[in-house]
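Accompanying notes for the structure given below.
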Amino acid sequence: MKNALFSISKRFYYWLGTLVILLCLAAVQFSQGAKIQTNIMALLPQDKQNPAAEMAFARFADKLSNQVIFLVGQQDLKQAIAASDAFAARLKQFDWLTDVQSEIDSQTQAQWGKLFFPYRYQLLTNAQRERLGTHPEQQLTRVKTALFSPFAGVSSQELSQDPMLLFREFIGQLGAHAGKLNLINSHLVATSGQRHYVLVRAKLKGSAYQLSIHQQIPELKRVENAINQRFNTEILRQGVVFYAAQGTESAQQEISTIGLGSLLGIILILVLVYRSGRPLFLALLSVCVGLLLAYVSTRWVFGEVHLFSLIFGASLTGVSIDYAFHYLTERQAMADKWDSDQGLRMLMPAITLGLLTSVIGYLGLLSAPFPGLQQLALFSTMGLIGAFFTVVCAYPYLTQAPSSKGLSARTQVPVNLWLQFWRWRAVRILLPVCMLGFSLWGLFHASYNDDIRLLQSLPSDLQYQEKRMGEIMGQSTSPQFLLIQGQNAEEVLQLQERLLPELDQLVQDHVISGYQALASYLPSQAKQKQNFALVQKLYLYQGPQLARQLGMSFNTQIQNDAYTPLTLATVLSQDRLDLLSTLWLGEIDGQASALILLNGLTDAQPLQTLANQYNAVQYLDKADQVSEILKVYRHHVAELIIIAYGLIALLLLWRYGIRRALVLMLPPVTAGLVGLACVALSGYALNLFNLLAIILVLGIGIDYTLFFAEQERQKHQLPHATLLAVTLSALTTILSFGLLSLSQTHAIHSFGITVFTGIATAWLLSPLALRQVRRGTIHQEMTTAQSTQVNPSQSAKQEPNHDH
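Quick note, in the UniProt record's numbering, the sequence shown goes up one by one and the last residue is 804.
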């Protein structure tokens with residue numbers, strides 16, 4: 001330290017130069033945009049076991065995430081349609097929405113006919129196929145019935161081009177199981193109870209997770225309220241953007257609450273304990289530098305910072321200030337005997353070991369397969385490093401003058417009493433044993449539930465609207481579907497055609513309310529050829545009789561050259577047929593892939609059983625898939641925890657010997673078990689996030705025992721000053737993570753409870769690290785320590801090290 005290269009002033013200027021570089025980098029990053037990621041799905045791990053399913057979910061989400069739909073309901077159908085048109089007109093004024101539609105324009109309606117009509121001789125419904133194959137004469141009866149019905153509306157042009165009237169039946173049956181929406185006056189309308197609901201659709205111009213779009217949602221709500229008051233309507237809405245906006249707003253509130261609460265708590269503690277403005281400035285300086293380095297590093301590595309990381313980053317203020325507390329407490333305790341360089345030298349072993357063990361804990365998170373948790377690990381690690389080097393490089397230069405005020409008696413007395421309490425052998429044995437017994441009892445009652453649905457905090461209003469819209473339209477809003485794969489599109493379509501009768505049976509059994517499959521719109525080429533042959537036979541044998549009965553002439557023979565297959569490429573080339581492009585995923589993992597969307601699912605087991613009958617069919621439910629991934633990685637993280645504890649134990653074994661290492665490991669191990677037990681006894685099921693919290697409890701809690709162990713090892717530190725610094729550190733950490741337990745998000749709430757109780761336990765048991773608490777007064781301890789501060793080398797010679 002006395003080397004000129006690492007003198008107090010040199011270290012300070014190196015640190016100051018680094019800080020200027022960080023500020024410049026932060027300015028450049030902010031000039032490129034905040035790049036705050038709000039997509040909760042970005043936190044989830046990728047399914048390495050089933051990449052096809054992962055890609056299917058991703059493509060399906062990409063196609064639907066920018067869509068928003070509304071239902072405008074009114075008892076009078078005309079008023080409902082008028083309200084939907086007025087609402088759509090207002091939506092078109094928003095610059096963040098595009099393709100707003102309340103009615104199906106004539107071009108869109110005609111596009112279905114224009115697409116399919118040229119291929120009318122090869123497009124048949126299942127009922128038509130069965131009829132033409134067994135009783136083709138019945139088709140003549142249906143034609144005559146339609147002609148003499150006043151409601152059929154058969155035109156002479158239609159009759160001349162399609163005498164058997166097969167095409168109108170095919171068009172009418174398209175999407176029969178797609179839902180309860182019907183085309184009325186060019187509007188899609190569903191009826192529920194006494195109300196008619198008109199569908200209004202729109203698309204986002206940007207991403208559903210774009211903050212600028214989220215800021216427009218309040219204006220949208222004002223438009224909805226205005227339409228409701230004018231037409232006496234009910235407007236329901238659905239879209240990823242609404243959940244994303246709600247999550248962003250909730251996260252921002254939590255960041256403000258947690259960050260501001262932690263900051264105010266730290267300020268209050270600093271004022272009460274240190275009674276001076278300089279310690280307050282220094283403590284906040286280390287926190288700010290830590291957060292700055294954390295943000296810049298995370299943005300540099302990941303290209304963006306997730307809102308989830310910022311929420312936990314706000315709680316980092318209660319952790320990164322630990323090193324400052326130990327330095328400032330030592331300075332105040334030494335009073336006029338203080339030497340900043342020697343003071344830092346005495347603290348360096350403790351705070352360095354504390355940093356290493358904390359980083360080991362955070363590295364456990366960094367190895368977790370969650371992108372969001374990897375960000376959190378990097379954010380936390382760099383934050384601690386920034387705070388550490390601020391203490392090492394800036395504090396000695398800024399605190400060369402001794403503190404003008406010693407430790408307050410209000411803090412000295414309770415701290416000394418607590419140390420004396422640990423002098424009793426019964427306390428040192430019974431308290432840890434009781435805590436371990438409590439934790440084992442709690443873990444005996446623990447249960448595990450990895451269901452991702454339990455970790456969500458979806459707003460009740462949005463949940464109600466989503467459920468209500470699903471009931472009205474007869475369509476499911478959950479990403480549950482069958483993934484069909486094959487060597488090519490023809491193979492996929494043929495397999496879907498084999499599945500459709502079984503899905504129809506599930507509809508009759510009320511397992512699902514309906515489905516949407518590409519094969520319902522586009523028959524395979526094999527089936528198109530079969531259909532063409534049936535229609536050829538129909539016209540050949542039944543055509544002349546129909547011509548005589550109708551008294552008209554038409555071509556009763558269809559030539560083979562009239563067959564031209566309708567291809568998938570032709571269907572997907574239609575710009576306005578969004579549904580069909582949604583059902584086709586393209587190539588995934590070298591396989592042609594398509595979806596069958598499932599509506600109104602009541603029981604997943606029959607779908608799973610159906611999918612198991614085919615090698616190329618998978619039943620997929622995003623929530624179930626993620627839950628299974630969480631279960632797998634819960635076991636993975638449990639192994640990481642054991643490894644992290646083992647690495648820290650080896651580090652302690654190297655420095656303190658086996659007996660002392662076991663004693664030093666007892667508080668953080670017990671703290672982790674108590675944290676889990678408290679969650680279990682609170683009625684919550686344990687999950688992956690609780691285990692991740694244990695890594696943090698280890699990384700933070702081990703510091704407390706290390707500081708006590710080092711003060712005893714060094715001989716020249718004050719045990720009561722160490723306890724005060726540890727107590728301040730624990731208070732700020734408990735404050736930070738205690739506020740996390742107030743989060744509305746189940747995962748963060750449960751995480752907060754685990755860390756809160758674990759850190760409290762680690763602090764409670766930390767004096768175990770002291771071999772023996774000496775009798776005597778604080779004044780005697782301070783006098784001894786101050787004398788050794790003058791020449792610590794002599795003290796070290798007089799009292800040999802007995803750690804090994």
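C-beta: ideal position from N, C-alpha, C; glycine also. None of the values given here were measured: they were computed from a predicted structure.
1) Which ranges does the beta strand (DSSP E) cover as unbroken runs of at least 3 residues, wholly within the stretch 262-338, from first to last along the chain?
2) Please list, in chain order, all residues of the same chain as residue 26 whose beta carbon is under 8 Å from its beta carbon, the five residues on each side excluded.
3) Can you tell me the Cα-Cα spacing of residue 14 and residue 392, whole angstroms?
4) To the nearest angstrom, report how far apart residue 596 and residue 445 are at their CA atoms.
5) For residue 125 versus residue 170, is the C-beta distance shorter than 8 Å?
6) For a test of the three-state rule: what should DSSP assign to residue 193, helix, strand or coil?
7) From 180, 699, 428, pick the residue whose C-alpha is nearest to that of residue 384; which is it?
8) Which stretch, first to last residue, makes up the beta strand (DSSP E) that contains residue 239?
9) In whole angstroms, give me the CA-to-CA distance for residue 621 and residue 560.
10) Can you pull the DSSP bridge partners for residue 827?
11) What is the DSSP secondary structure of residue 180, reduced to helix, strand or coil?
12) Please list, in chain order, all residues of the same chain as residue 485 whose beta carbon is under 6 Å from its beta carbon, the five residues on each side excluded.
13) Buried or exposed: which applies to residue 799, given that a residue is buried once 16 or more other Cβ atoms fall within 10 Å of its Cβ?
14) Beta-carbon separation of residue 347 and residue 274 under 8 Å?
15) Which residues does DSSP list as the beta-bridge partners of residue 201?
16) Between residue 584 and residue 439, what straight-line distance do the alpha-carbon atoms span, to the nearest angstrom?
17) Can you give me the start and stop residues for the alpha helix (DSSP H) that residue 95 sits inside?
18) Taking the beta strand (DSSP E) that residue 122 falls in, what are its first and last residues?
19) Rounded to whole angstroms, what's the CA-CA distance from residue 230 to residue 97? Just pull it up for me.
20) With a cut-off of 8 Å, do at least 3 Cβ pairs link the stretch 601-620 to the stretch 509-517?
21) Cα separation between residue 18 and residue 285?
22) So if DSSP puts residue 584 in a beta bridge, which residue, or which two residues, is it bridged to?
23) Would you report the Cα separation of residue 623 and residue 344, rounded to the nearest angstrom?
24) Under a three-way DSSP split, which group does residue 621 fall into?
25) For residue 644 and residue 759, which I take to be in contact (beta-carbon distance under 8 Å), what is that distance rounded to the nearest angstrom?
26) Quick one: using the 10 Å Cβ neighbour count with 16 as the cut-off for buried, is residue 750 buried or exposed?
27) So what does residue 867 bridge to, in DSSP terms?
28) Got a sec, what are the start and stop residues for the alpha helix (DSSP H) residue 508 sits in?
29) Tell me the residue span of the beta strand (DSSP E) that contains residue 480.
30) Would you tell me roughly how many angstroms separate the C-alpha atoms of residue 781 and residue 434, rounded to the nearest one?
31) Closest to residue 211 by CA distance: which of 501, 278, 306 is it?
32) Excluding the 5 residues flanking residue 614 on each side, which residues of the same chain have their C-beta closer than 6 Å to its C-beta?
33) Write down every uninterrupted run of the alpha helix (DSSP H) in the stretch 520-581 whose length is 4 residues or greater and which is fully enclosed by it, in chain order.
34) Can you grab the Cα-Cα spacing for the pair residue 420 / residue 723, in whole Å?
35) According to DSSP, residue 36 sits in a beta bridge with which residue or residues?
36) Write down the C-beta distance between residue 762 and residue 442 rounded to the nearest angstrom, noting that I regard them as a contact closer than 8 Å.
The answer reads as follows:
1) The stretch 262-338 contains no whole beta strand (DSSP E) run of 3 or more residues.
2) Translated into positions along the sequence shown, residue 26 becomes position 26. Here the set comprises 292, 295, 296.
3) As a working mapping, residue 14 is identified with position 14 in the sequence shown. As a working mapping, residue 392 is identified with position 392 in the sequence shown. Straight-line Cα distance between these residues: approximately 11 Å.
4) Translated into the one-based positions of the sequence shown, residue 596 becomes position 596. Translated into the one-based positions of the sequence shown, residue 445 becomes position 445. Spanning the alpha carbons of residue 596 and residue 445 requires a straight line of approximately 42 Å.
5) Looking up residue 125 in the sequence shown gives position 125. Looking up residue 170 in the sequence shown gives position 170. Going by C-beta atoms, residue 125 is nearer than 8 Å to residue 170.
6) Sequence index remark: in the sequence shown, residue 193 carries index 193 (1-based). Coil.
7) The sequence position of residue 384 within the sequence shown is 384, counting from 1. Nearest option by C-alpha distance: 699.
8) Translated into positions along the sequence shown, residue 239 becomes position 239. Boundaries of the beta strand (DSSP E) harbouring residue 239: 234-239, taken from the DSSP string.
9) Within the sequence shown, the letter at position 621 stands for residue 621. Within the sequence shown, the letter at position 560 stands for residue 560. Going from the Cα of residue 621 to the Cα of residue 560 covers about 45 Å.
10) In the structure as shown, the chain begins at 1 and stops at 804. Residue 827 is therefore absent and cannot be evaluated.
11) In the sequence shown, residue 180 corresponds to position 180, counting from 1. Residue 180 falls in the coil class under three-state DSSP.
12) Counting from one through the sequence shown, the residue named residue 485 turns up at place 485. Same-chain partners within the cutoff: 591, 593, 616.
13) By one-based count along the sequence shown, residue 799 stands at place 799. Interpretation of residue 799 is limited by its pLDDT of 39, a score under 50 that renders its predicted location unreliable; the figure taken from the coordinates is listed afterwards. With fewer than 16 other CB atoms across the displayed protein chains lying within 10 angstroms of its CB, residue 799 is exposed.
14) For the purposes of this step, residue 347 is taken as residue 347 along the sequence shown, with counting starting at 1. For the purposes of this step, residue 274 is taken as residue 274 along the sequence shown, with counting starting at 1. Not in contact: residue 347 and residue 274 (Cβ atoms no closer than 8 Å).
15) For this step, residue 201 is matched to residue 201 along the sequence shown. Note: residue 201 sits in a beta bridge opposite 69, 101.
16) Position 584 of the sequence shown holds residue 584. Position 439 of the sequence shown holds residue 439. Taking the straight line joining both Cα atoms gives about 52 Å.
17) The residue given as residue 95 occupies position 95 in the sequence shown. For residue 95, no alpha helix (DSSP H) segment is defined, and its DSSP state is neither H nor E.
18) As a position in the sequence shown, residue 122 is number 122, starting the count at 1. Boundaries cannot be given for residue 122, as no beta strand (DSSP E) includes it and DSSP labels it neither H nor E.
19) The residue given as residue 230 occupies position 230 in the sequence shown. The residue given as residue 97 occupies position 97 in the sequence shown. Straight-line Cα distance between these residues: approximately 23 Å.
20) In short, these stretches touch, since the Cβ pair count reaches three.
21) Locating residue 18 in the sequence shown gives position 18, counting from the first residue. Locating residue 285 in the sequence shown gives position 285, counting from the first residue. Rounded to whole angstroms, the separation of the alpha carbons of residue 285 and residue 18 is 14 Å.
22) As a working mapping, residue 584 is identified with position 584 in the sequence shown. Bridge partners of residue 584: 594.
23) In the sequence shown, counting from the first residue as 1, residue 623 sits at position 623. In the sequence shown, counting from the first residue as 1, residue 344 sits at position 344. Approximately 52 Å between the Cα atoms of the pair.
24) Position 621 of the sequence shown, counted from the first residue, corresponds to residue 621. If DSSP states are grouped into helix, strand and coil, residue 621 belongs with the strands.
25) Here residue 644 corresponds to residue number 644 of the sequence shown, with the count starting at 1. Here residue 759 corresponds to residue number 759 of the sequence shown, with the count starting at 1. With a beta-carbon spacing of about 16 Å, residue 644 and residue 759 fall beyond the 8 Å limit used to define contacts.
26) To locate residue 750, count along the sequence shown from 1; it is residue 750. Residue 750 comes out buried.
27) Since the first residue of the chain shown is 1 and the last is 804, residue 867 is not available in this structure.
28) On the sequence shown, position 508 is the one that residue 508 refers to. Unbroken alpha helix (DSSP H) run through residue 508: 489-508.
29) Indexing the sequence shown from 1 puts residue 480 at position 480. Element bounds for residue 480: 480-486.
30) Your numbering for residue 781 matches position 781 in the sequence shown. Your numbering for residue 434 matches position 434 in the sequence shown. A caution first: residue 781 carries a pLDDT of 46, below 50, which makes its placement in the model too unreliable to give a value.
31) The sequence position of residue 211 within the sequence shown is 211, counting from 1. Cα-wise, what sits closest to residue 211 is 306.
32) For this step, residue 614 is matched to residue 614 along the sequence shown. Cβ neighbours of residue 614 beyond the five flanking positions: none.
33) For the stretch 520-581, whole alpha helix (DSSP H) runs of length 4 or above, ordered along the chain, are 525-550, 568-572.
34) Position 420 of the sequence shown, counted from the first residue, corresponds to residue 420. Position 723 of the sequence shown, counted from the first residue, corresponds to residue 723. Spanning the two alpha carbons is a distance of roughly 12 Å.
35) Here residue 36 refers to the residue found at position 36 when the sequence shown is read from its first residue. In the DSSP assignment, the residues bridged to residue 36 are 305.
36) Residue numbering aside, residue 762 sits at position 762 when the sequence shown is read from its first letter. Residue numbering aside, residue 442 sits at position 442 when the sequence shown is read from its first letter. Not really, about 17 Å apart at Cβ, beyond 8 Å.
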